[in-house]
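Presented below is the structure to which this report refers.
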Amino acid sequence: MRSRADTARAELALRVVALAALAAWGANALRPATVRVATADAASLASQLPGWTGTADPERVHVALDRVPDRPFVDWLAALDAAGVRVTWSGAIAGTAMEAWRAPDPSGDVVVMSSSSDSAIRVVADELGPLDTLPTARAIYATRVRDVAGALSMRSGRQAAAIRIAASAAARRVLVIGAAGWEAKFVIAALEERGWLVDSRLRLSPDHVVSQGSRADPDTARWSALVLLDSASAESARGVERFVREGGGLVLAGDASRAPRAAPLVAWSAARRAVAPLGTAASDTTWRGLSRVPLVASARGAIELEPDKVLARRHYAGRVVALGYDQTWRWRMAGGDESVASHRDWWSRLVAASVKRDSEAIGVAPLAALHAALGAPSPAARVVPGVPARGVVSQWLGAIMLAALLVEWVLRRRRGAR
Amino acid sequence: MTGRVTGRESRAREFVWATAQYESGDWDSAPLVGLNIVDSVARYTAISVSPTPVVASLSSPGILRYPFLFLTGHLPVRFTAQERANVREYIRRGGFLFVDDHNHDIDGVFHRTATEELRQTCGALADLPNDHELYSTVFRFPDGPPTTSHELNGWGDNLVHKHLQAVLVNGRVGVLYSSKDYSSEWSYHPESKRFLSIDNTRFGVNVIVYALTR
């Protein structure tokens, strides 16, 4: 049996332990937080995040990245950060971005704009496999891909970005107005072969027009775009300005920009018709035929798609594209082996450039998204191996203090003291 | 296969009548047809036309400068390999080949050889319906292709052919084939039109306008 003196010494010792624990608890509260450092790629991040979110409960997390994790993991880290765990990251990651939209033409093509700050080859793919490889020489590159199945992705080195494009829009209707002739015939043929629904009004004489389709004035309910092949057509067509103002596309070919009625729609002037030098090959895309009307941009905001040959501008909700070429049929008929397809694609793209898109472009920039979610990168945090987390130490010290005080109270009660 | 700009082309934007020259046969058997039809096109429309028809050799890629070609003759048509390749490419690119049997005889050598050549080169000919837009582009021919005096006189095969035939390319006529002998019907000097009560070249205008607009 213990003597009263032994019990008193034990109580004193317990008080000292409790005070020491209290002092240590205070010191622990003042020391810097312990940092949990994780070098994570997508796979390890997937396995560590549940632990950080649950039992481990770190106060700080630092991830060293070699690429931007998939979007759900970035969101998870951001949620962790919002819940009080400070999340930082570091790593030299190349900036990669992709924007894509469904071309507003019947082809169903997807236009992909990509940029990357590194020199790795960029591979555009869908869920069935690679579709195109983009050269590394240019930081920004545009391409068109066809028959996209599922999500569209771009991989540059280790970095990937993926988006999902809406389904193809319905076929579009175009109205072509011009003089009966080879240019009109082959423009209509090119557009129809590319899937456009084409109505036409081709002038045979001042009082005779060969028509196909509706004879109504241009309106955006019927037609997506209007193609005027010459100045006489541009001068005689009614309601063109209203059509463009309401969102219709307008293509002015040859000398159509010269028509007084087209004046409110253009931001360029048409110079004197130029003829290709003798011996120019029909496949020469400088001429695309053998003559053109040079277009000189004025200061009213014309965009030069091909300097002095193809220009464009906005007019209220619509777009106007002008091209000076007036004999592109020669390019198709007498050009090289690919000239039929080139002529077809070129005309379809010009008309599509004038047409309003069904939907806005969808873009993804993983590095920018990472910055937005977690802020700028910070240097890797100092690693203190073997030191437990501050919260864990506080809990242990608190438990020791409480246990010491409890035992000390029991001992005092047993010896009859209060 | 590619062409270069010549001095003539650099000045012209108009329709040019081109008669197809081929190795076999008498390709130049109806020299006035081009002149006559061009004259009619100029009379009835404002289409810019070249007053001078040209001859385009089927063995030369130069035929690609002329999206309209007229081919006629009495004798067997046997294309060389080069002619066949050029004609095939011509049709693929959107050219319009108008072939007329100058014999007006479906048992004649021109008909049998030309249709066989066209079948091998461009595809099988099929009857063109008489309500096709070719018959209403400018002038209306509700009964289909107008008859010719040679049909009505009982020459050749002693038949009035109810249809023209065609090879369609992307829904358009690429090859138009006639057994009606328009080569004889239209082969006269344009000045002589004033002696006709009804201009018999009006269907030729339809053919040209169709070729230029479809």
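Sequence lines, in order, name chains A and B.
For the first sequence, the positions run 1 to 418 when our numbering is used.
For the second sequence, the positions run 1001 to 1214 when our numbering is used.
No residue lacks a Cβ here, since even glycine has one placed at the ideal position from N, Cα and C.
Small disclaimer: the values here were computed from a predicted structure and weren't measured.
**OP:** Give the range of the alpha helix (DSSP H) segment to which Asp1039 (chain B) is assigned.
**Re:** Looking at the DSSP string, the run of the alpha helix (DSSP H) that includes Asp1039 (chain B) is 1033–1044.
Original post:
Going by C-alpha distance, which of A:Ala221, A:Ala237, A:Thr7, A:Arg258 is nearest Gly248 (chain A)?
Top reply: A:Ala221
Subject >> Under 7 Å by beta carbon: chain A residues contacting Thr1137 (chain B) >> reply: Val210
**OP:** Could you pull the start and end residues of the beta strand (DSSP E) that Ser1197 (chain B) belongs to?
**Re:** Careful: Ser1197 (chain B) lies outside any beta strand (DSSP E) and carries neither H nor E.
Original post:
So, do the region 1086–1100 of chain B and the region 1054–1068 of chain B have three or more beta carbon pairs nearer to each other than 8 Å?
Top reply: yes
Original post:
Under three-state DSSP, which class holds Glu306 (chain A)?
Top reply: strand
**OP:** Return the bridge partner residues of Val1055 (chain B) from the DSSP annotation.
**Re:** B:Thr1019
**OP:** Have a look at B:Tyr1090, B:His1111, B:Asp1107 and flag the residue whose alpha-carbon is nearest the alpha-carbon of Val1099 (chain B).
**Re:** B:His1111
**OP:** Would you tell me roughly how many angstroms separate the C-alpha atoms of Asp1105 (chain B) and Pro1076 (chain B), rounded to the nearest one?
**Re:** 12 Å
Original post:
Should His343 (chain A) go down as buried or exposed, given a rule of 16 or more other Cβ atoms within 10 Å for buried?
Top reply: buried
**OP:** From the DSSP output, in three-state form, read off His62 (chain A) for me.
**Re:** strand
Original post:
From this set, B:Thr1080, B:Thr1019, B:Gly1025, which residue's C-alpha is nearest Pro1031 (chain B)'s C-alpha?
Top reply: B:Thr1019
Original post:
How close, in whole Å, do the beta carbons of Glu183 (chain A) and Leu250 (chain A) come, if the pair is a contact with beta carbons under 8 Å?
Top reply: No, Glu183 (chain A) and Leu250 (chain A) are not in contact; Cβ-Cβ is about 17 Å, not under 8 Å.
Subject >> Other residues of its chain near Trp287 (chain A): CB distance less than 7 Å, five sequence neighbours each side excluded >> reply: Here the set comprises Ala276, Thr280.
Original post:
Along chain A, which residues have their Cβ under 9 Å away from the Cβ of Leu1069 (chain B)?
Top reply: Chain A residues near Leu1069 (chain B): none, gap ~12 Å exceeds 9 Å.
Original post:
In its own chain, which residues sit with a C-beta less than 8 Å from the C-beta of Val174 (chain A), not counting the 5 before and 5 after it?
Top reply: Short of 8 Å from the beta carbon of Val174 (chain A), and not among the five residues preceding or following it, lie these beta carbons of its own chain, in chain order: Leu191, Trp196, Leu197, Val198, Asp199, Trp223, Ser224, Ala225, Leu226, Val227, Val351.
Original post:
Is it the case that the Cβ atoms of Glu1185 (chain B) and Thr1147 (chain B) are separated by a distance below 7 Å?
Top reply: no
Original post:
Any beta-carbon of chain B closer than 7 Å to the one on Ser205 (chain A)?
Top reply: yes
Original post:
Exposed or buried, what is Thr1080 (chain B) when buried is set at 16 or more other beta-carbons lying within 10 Å of its beta-carbon?
Top reply: exposed
Subject >> Below-7 Å beta-carbon distance, Gly1094 (chain B) vs any chain A residue >> reply: yes
Original post:
Nearest to Asn1059 (chain B) by alpha carbon, out of B:Thr1121, B:Gln1165, B:Glu1083?
Top reply: Before going on, a small fix: residue 1059 (chain B) reads as Ser here, not Asn. The shortest C-alpha separation from Ser1059 (chain B) is found at B:Glu1083.
Original post:
Leu30 (chain A) to Ala23 (chain A), Cα distance in whole Å?
Top reply: 11 Å
Original post:
Just checking, does the region 62–76 of chain A make contact with the region 353–369 of chain A on the three C-beta pairs under 8 Å criterion?
Top reply: Verdict: yes, contact present.
Original post:
Going along chain A in order, which residues have a C-beta closer than 9 Å to the C-beta of Ala1046 (chain B)?
Top reply: Ala179, Ala180, Arg203, Leu204, Ser205, Pro206, His208
Original post:
Would a check of beta-carbon distances place Val174 (chain A) closer than 7 Å to chain B?
Top reply: no
Original post:
If we ignore side chains and look at the alpha-carbon of each, how far apart do Arg194 (chain A) and Leu1159 (chain B) end up?
Top reply: 42 Å
**OP:** With 7 Å as the threshold, decide whether the Cβ of Val1065 (chain B) is near any Cβ in chain A.
**Re:** The residue you asked about is not Val; residue 1065 (chain B) is Arg in the sequence shown. Chain A, which has a Cβ nearer than 7 Å to the Cβ of Arg1065 (chain B), makes this yes.
Original post:
Who are the near neighbours of Pro1053 (chain B) in its chain, counting only those whose CB is closer than 8 Å to its CB and skipping five residues on each side?
Top reply: Excluding residues within five positions, the ones whose Cβ falls inside 8 Å are Val1016, Trp1017, Ala1018, Thr1019, Gly1034, Leu1035, Val1038.
**OP:** Could you tell me the boundaries of the beta strand (DSSP E) in which Tyr325 (chain A) lies?
**Re:** Careful: Tyr325 (chain A) lies outside any beta strand (DSSP E) and carries neither H nor E.
**OP:** Please report the residue range of the beta strand (DSSP E) in which Trp25 (chain A) lies.
**Re:** Looking at the DSSP string, Trp25 (chain A) is not in any beta strand (DSSP E); the run it does join, the alpha helix (DSSP H), is 4–30.
**OP:** Can you pull the chain B residues whose beta carbon is under 8 Å from the beta carbon of Lys185 (chain A), in chain order?
**Re:** Pro1067, Gly1094, Ala1211, Leu1212, Thr1213, Arg1214
**OP:** Throw me the rounded Cβ distance for the Leu128 (chain A) and Gly91 (chain A) pair, which I believe falls under 8 Å.
**Re:** 31 Å between Cβ atoms; not a contact.
Original post:
Is the Cβ-Cβ distance between Asp1026 (chain B) and His1074 (chain B) less than 7 Å?
Top reply: Yes; because the gap between Cβ atoms is below 7 Å, this pair is in contact.
Original post:
Taking 7 Å as the CB-CB limit, is Met333 (chain A) close to chain B?
Top reply: yes
**OP:** Indicate whether the contact test is met: 3 or more Cβ pairs, each with one atom in the region 1112–1130 of chain B and one in the region 1200–1208 of chain B, closer than 8 Å.
**Re:** Three or more beta-carbon pairs separated by less than 8 Å are not found between the region 1112–1130 of chain B and the region 1200–1208 of chain B, which leaves the two stretches without contact.
Subject >> Residue range of the unbroken beta strand (DSSP E) whose run includes Tyr1177 (chain B) >> reply: 1172–1178
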